[in-house]
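Each remark here refers to the structure printed beneath this line.
Residue numbers (the working numbering): 317 to 486.
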């Protein structure tokens, strides 16, 4: 909701602006207005940064799962080699090593699937939150602009009436 607070600050700056005596224009604090706009820019990409962190986290999880799988495979290979050296249990060793390899591959696939699922869920949540914030900000900005348009139309009507009044006096 930080973006909405910033939009409120922008509206407050406009409301508190001094009016010029001629033309109904406003005198705004340019530095303050630009600061608020910069803050608004920084507020929106927070979800994008979060999505990037989630992607980085996904990559880390995938790397960890891959390292773990390689370690399991290496241990399985070592176990298989040791068992092969023992002639009396060569067949049992071969079966055991294959089972370890299959187990390692199954666990690695499962870890990768879980990591992908977690990352997808986080990305979806971040995208929804970012979309909602942008929609809210757009809606609020549209409301403010419509109010400003109505005020400007009222000013124009007042100016037209003043012109007609001055012309009628002549």
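Idealized CB from N, CA, C, for every residue including glycine.
Is residue i near residue j, with beta carbons less than 8 angstroms apart?
i	j	result
residue 374	residue 435	yes
residue 439	residue 370	yes
residue 401	residue 416	no
residue 329	residue 345	yes
residue 453	residue 424	no
Closest to residue i by C-alpha separation, out of the options, would be which residue?
i	options	result
residue 368	416, 441, 464, 324	441
residue 421	432, 447, 341, 388	388
residue 432	349, 380, 337	380
residue 339	408, 378, 383, 479	479
residue 337	463, 475, 464	475
residue 411	425, 426, 393, 468	393
residue 359	445, 377, 430	445
residue 437	324, 485, 366, 334	366
residue 377	430, 457, 350, 331	430
residue 390	407, 349, 418	418
CB-CB under 6 angstroms to residue i, same chain, minus the five flanking residues each way: which ones, in chain order?
i	result
residue 317	A caution first: residue 317 carries a pLDDT of 49, below 50, which makes its placement in the model unreliable, though a value can still be read off. Correct list: empty, nothing qualifies.
residue 449	319
I'd like to confirm the pairing. Which residues does DSSP put opposite residue i in its beta bridges?
i	result
residue 343	334
Am I right that residue i and residue j are in contact with their C-beta atoms under 8 angstroms? What's the rounded C-beta distance?
i	j	result
residue 352	residue 322	6 angstroms
Under 7 angstroms Cβ to Cβ from residue i, same chain only, skipping five residues before and after it: list those, please.
i	result
residue 341	none
Please list, in chain order, all residues of the same chain as residue i whose beta carbon is under 8 angstroms from its beta carbon, the five residues on each side excluded.
i	result
residue 269	Absent from the structure is residue 269, since the part of the chain shown begins at 317 and ends at 486.
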